[in-house]
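Working notes, structure below.
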Amino acid sequence: MSLAYQDLTGQINAEALASLVHLRAIDLSKNQLHGSIPLTLGNLSSLTRLDLSTNFLNGYIPSSLGNLSSLQYLSLSYNKLFGQIPKELGNLSNLLSMYLDFNELTGQLPPELGRLGSLGYLGLSSNNLSGPLPENYANFTGLQWFSVAGNRLTGQVPSFIADWTELNRLSLSGNDFERELPLESIFNMSNLRYLFVSDVRSSGFPKNANMKKIRYLMIRNCSISGEIPPYIGDWSRLRYLDLSFNSLTGGIPDSMKKLNLSKMFLTGNMLNGTVPYWVPDTIEDKADLSYNNFEIPRDGPKKGEGKLNIQPNRNSIRNLIKKCRRKPKYNSLYINCGGGETVVDGKVFEADSTTSNYNLAPRKNWAYSCSGDFGSKTYDSSDYIKNVECEVCDSAGTQLYNSSRLCPLSLTYYGFCLFKGNYTVKLYFAETVYQSDADYSNLGKRVFDVYIQGKRALKDFNIKEMASGTNKTWTANFTAYVGDDYLLTIDFFWAGKGTFQEPSFSYAPAALSLKGPLVSGISVTANFKVGKGLSPSQIAGITVGSVFASVLLSAYMWKMGWQQQSDLNEVQGDEKSFALKQIIDATRKFSPKMEIGRGRFGIVYEAELPNKRKLAVMKISPRNSKQQGKDELQGEISKLKSLHHENLVQLLRGYSNKDLHLLVNEQKGSLQRALFEPDSTTKLDWKARFDICLGIARGLTYLHEEKRIVHGNINPSNIMLDDDSLTAKLSAFGLATLCDEEDPFMTIEAKESRVYMAPEYSMGKTIDTVKADVYSFGVVLLEIVSGTVSAEYTPNQEEAKFLLDKASVLHHKGRILDLVDKKLASSYDRKQALTVLLLAMKCVNLSPTLRPKMSEVVSVLEDEKRIDAISEGDDTPSTNIGGLCGAFSSVLEIDPIS
Numbered sequence: 003m004s005l006a007y008q009d010l011t012g013q014i015n016a017e018a019l020a021s022l023v024h025l026r027a028i029d030l031s032k033n034q035l036h037g038s039i040p041l042t043l044g045n046l047s048s049l050t051r052l053d054l055s056t057n058f059l060n061g062y063i064p065s066s067l068g069n070l071s072s073l074q075y076l077s078l079s080y081n082k083l084f085g086q087i088p089k090e091l092g093n094l095s096n097l098l099s100m101y102l103d104f105n106e107l108t109g110q111l112p113p114e115l116g117r118l119g120s121l122g123y124l125g126l127s128s129n130n131l132s133g134p135l136p137e138n139y140a141n142f143t144g145l146q147w148f149s150v151a152g153n154r155l156t157g158q159v160p161s162f163i164a165d166w167t168e169l170n171r172l173s174l175s176g177n178d179f180e181r182e183l184p185l186e187s188i189f190n191m192s193n194l195r196y197l198f199v200s201d202v203r204s205s206g207f208p209k210n211a212n213m214k215k216i217r218y219l220m221i222r223n224c225s226i227s228g229e230i231p232p233y234i235g236d237w238s239r240l241r242y243l244d245l246s247f248n249s250l251t252g253g254i255p256d257s258m259k260k261l262n263l264s265k266m267f268l269t270g271n272m273l274n275g276t277v278p279y280w281v282p283d284t285i286e287d288k289a290d291l292s293y294n295n296f297e298i299p300r301d302g303p304k305k306g307e308g309k310l311n312i313q314p315n316r317n318s319i320r321n322l323i324k325k326c327r328r329k330p331k332y333n334s335l336y337i338n339c340g341g342g343e344t345v346v347d348g349k350v351f352e353a354d355s356t357t358s359n360y361n362l363a364p365r366k367n368w369a370y371s372c373s374g375d376f377g378s379k380t381y382d383s384s385d386y387i388k389n390v391e392c393e394v395c396d397s398a399g400t401q402l403y404n405s406s407r408l409c410p411l412s413l414t415y416y417g418f419c420l421f422k423g424n425y426t427v428k429l430y431f432a433e434t435v436y437q438s439d440a441d442y443s444n445l446g447k448r449v450f451d452v453y454i455q456g457k458r459a460l461k462d463f464n465i466k467e468m469a470s471g472t473n474k475t476w477t478a479n480f481t482a483y484v485g486d487d488y489l490l491t492i493d494f495f496w497a498g499k500g501t502f503q504e505p506s507f508s509y510a511p512a513a514l515s516l517k518g519p520l521v522s523g524i525s526v527t528a529n530f531k532v533g534k535g536l537s538p539s540q541i542a543g544i545t546v547g548s549v550f551a552s553v554l555l556s557a558y559m560w561k562m563g564w565q566q567q568s569d570l571n572e573v574q575g576d577e578k579s580f581a582l583k584q585i586i587d588a589t590r591k592f593s594p595k596m597e598i599g600r601g602r603f604g605i606v607y608e609a610e611l612p613n614k615r616k617l618a619v620m621k622i623s624p625r626n627s628k629q630q631g632k633d634e635l636q637g638e639i640s641k642l643k644s645l646h647h648e649n650l651v652q653l654l655r656g657y658s659n660k661d662l663h664l665l666v667n668e669q670k671g672s673l674q675r676a677l678f679e680p681d682s683t684t685k686l687d688w689k690a691r692f693d694i695c696l697g698i699a700r701g702l703t704y705l706h707e708e709k710r711i712v713h714g715n716i717n718p719s720n721i722m723l724d725d726d727s728l729t730a731k732l733s734a735f736g737l738a739t740l741c742d743e744e745d746p747f748m749t750i751e752a753k754e755s756r757v758y759m760a761p762e763y764s765m766g767k768t769i770d771t772v773k774a775d776v777y778s779f780g781v782v783l784l785e786i787v788s789g790t791v792s793a794e795y796t797p798n799q800e801e802a803k804f805l806l807d808k809a810s811v812l813h814h815k816g817r818i819l820d821l822v823d824k825k826l827a828s829s830y831d832r833k834q835a836l837t838v839l840l841l842a843m844k845c846v847n848l849s850p851t852l853r854p855k856m857s858e859v860v861s862v863l864e865d866e867k868r869i870d871a872i873s874e875g876d877d878t879p880s881t882n883i884g885g886l887c888g889a890f891s892s893v894l895e896i897d898p899i900s
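For what it's worth, the numbering used here labels the leading residue of the sequence shown as 3, then goes sequentially.
Below, the structure written as structure tokens:
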């Protein structure tokens, strides 16, 4: 029964098929079918061919398909199927071809598939499969086609692949494989025609190779060093060569001029010299040599130079940087990616509508470069910009989303001649390409990474997933520092995840070829004020005036009894100056009416300065009867002031004398309020929650491993959130010497606070290790993911429900994801959520030595390390200047005033 290309809609009729027990073939491919695959298909014992590919089927793959003992061909590709691959498919002993590509399948590859000894074609690309390749897949000795690109597979690329002597297509790109790529073995697979590998470490090309039949070769982003081997020129059938983003040196071997290449990509290496004259002459379609140190030959044939992309090279970027000559000009940048000039919120977004691979803006204040290939002749450079009316975009500034810049592989924007300092980088996204059912583009998964100033800001970013659909907008804010080169770089890089279309693969819907990064707009604004320089006379006048004002202020404060000449010490803070008198006035002389919190170490007051700037002022009440001297206290405050990290609250100013000790900080909203207070207007979607988890972990890593500081009181009240970016910032650390507590556990009166403290506190031990912080961090992770407080007490305060108990039970049952906040519905990344929850359970281990280090936690959250690879470590003591007796702004055990 063949009903392909019939525009069929609706669901597969299970009852009608159940009666066709003698049916030998079903082909319903290339239709518009929805719903799930009927379980009753497993009863069609005579079936030899089942093709349901290129529809919109969802749900699980029925395990009953494992009953189709006569089946030889199975294709479920290009659907929306999810869940694990049923192990029962390993019972299909007559199966020759199995294609499960381009779905949402998860879990590990079932070892049972290794029993399919007759299998010749296995396609599993573009799913979310994880784990290693099972060892018994070595049994696939007759395999001709093996494609697992665009997954999350780990472990080593097994050497047994070289024993698949019949293999002609091998696709391993876009996974998380570890260790060395066995290139020496792979390069001697004599029947190989198509080889696609990326993002696997490899030291270099083997000395010898035997791939005379190779036609398509891609070894991208594999850290390969050395020179391009001349033997590539002997592969006469080679049509497509991609060695981009490696560390290759030298030039292009002359032996390659014998080849009849259609496309050649050597982008992002360290190649140099003059581009051989034969390159533009002999390359049929495109040669991308950008981001090297090549020069274009001055003489020789000019034919075909339009196919040659050499800009930007590394020298051209360096020259543009040098032109600033220590004279920066700009403190902002606005780009309408892929579109014309437009105005949004009073800001002029510059036009960015060229279709070239590289373009320098007219004012030379920014440039972009694009590299890669869509892999289909259907699309050309005009597709580097997409103009799509975004009719349902749900955001102000909709005109930004009517156009986007699209790039197949690597898209880089440069901002030149920017002043030094911190900037807010805002990126605008909307999936306006993968949106149609008619051309099956809605099946596409656009997944890419974002780097800002060389640091990865987003990994495996999926616009459609984060925005909860197509034609819906999503923005992201980041902080970036521009240094002495006055340069800002924003890189969007496709690392092979999501939809992966091999250049030679012609069976897929053409619209899915438009993979790669997609961005609609960029805004860059300074987090500082840039003013004109002052003349010497102005500086002198300001200096004299400042001194005179200081004398008057000191005299006034002396008269008011706020300053004793030998006692008051001020530790300077940031450049936004304010005087002690302003602080005292703004708190109404520390009036109880201005209290916003009270804790065991002091009282926090709200202070609003005349310029409307809001501060949180902590008036410290030291428990230490010895009362440190003012010099010692000043030194401790100076230590606090020296701590600078994106995920730490910055101390603005500190004051101390024998009777008055103050810490001043910007007043920010807390995680406690955002998560649990009903009147909070802060929206915490999954992206925000994950970023908060990562931010806390980075802040603790800085304290623990760079400054040897134990925080001592991690809880949601001590985690501040920036108003705009929701960046997590730790507060309540430092100056533990002020708080000489023999038993910290006993000083905590609030029951709610004890649940964050490591169990070793209750054993009467002196706790000065980072592992106590790790425990508290684990409890906070559970709260962030679940949206549930760690302890819910009954009205009489005699009983409580503990989140940690619930998590332990669900973890034991293998249902830890049941903890995810129901308010998120399905709009969250299951892999990330599972990772965070499993990390939390490791962090709250009763044994301190079994808790991970915070740097390991960061590595797992940044997807640099697998969770099962983190070590147990030692319970290393640290210098505890953490717990500043409650630093500031809703700090350290502060109980809200009702």
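Virtual Cβ for every residue (Gly too), placed ideally from N, Cα, C.
Counted within 10 angstroms of its Cβ, other Cβ atoms place residue i as buried (16 or more) or exposed
i    : result
L848 : exposed
G12  : exposed
D9   : exposed
H646 : exposed
N529 : exposed
A440 : exposed
M3   : exposed
V811 : exposed
K265 : buried
I610 : According to the sequence as given, residue 610 is Glu; it is not Ile. So E610 ends up on the exposed side.
L5   : exposed
DSSP beta-bridge partners of residue i
i    : result
I492 : Y415 and I454
Y218 : Y196 and Y242
G61  : L83
M3   : Answer by DSSP bridge pairing: none, since M3 is not bridged.
Q313 : Looking at the DSSP assignment, Q313 forms no beta bridge with any residue, so it has no partner.
G155 : One point to set straight first is that residue 155 is Leu, not Gly, in the sequence displayed. Answer is G133, bridged to L155.
Close Cβ partners of residue i (< 7 Å) along its chain, the five nearest in sequence each way excluded
i    : result
Q669 : E608, K616, L617, A618 and S891
S249 : S225, I226, S227, N271 and M272
Contact under 8 Å by Cβ, residue i with residue j
i    : j    : result
L1   : C695 : Any question about residue 1 goes unanswered here, given that the chain covers just 3 to 900.
Y488 : K428 : no
M272 : I234 : no
I2   : G206 : The structure shown does not extend to residue 2, since the chain is modelled only from 3 to 900, so the question has no answer here.
A730 : N667 : no
F267 : D347 : no
Y758 : I711 : no
S928 : S246 : The structure shown does not extend to residue 928, since the chain spans only 3 to 900, so no value can be given for it.
L183 : V159 : yes
Simplified DSSP state of residue i, which is helix, strand or coil
i    : result
F189 : coil
M100 : strand
D693 : helix
Q834 : helix
S21  : coil
K265 : strand
Contacting residues, own chain, Cβ-Cβ under 8 Å from residue i (five flanking each side not counted)
i    : result
L841 : G780, L783, P854, V859, V862, L863 and I869
S55  : S31, K32, S77, L78, S79, Y80, N81 and Y101
N130 : E106, L107, T108, N153, R154 and K833
Other residues of its chain near residue i: CB distance less than 6 Å, five sequence neighbours each side excluded
i    : result
L52  : I28 and L76
F148 : L124 and L172
S682 : R675 and A676
Y332 : N367, C419 and L420
Closer than 8 Å to chain C by CB, residue i
i    : result
V484 : You won't find chain C in this structure, because it holds only one protein chain.
The ligand FMN heavy atom lying under 7 Å from the CB of residue i
i    : result
F207 : This structure does not include the ligand FMN; it has no bound ligands of any sort.
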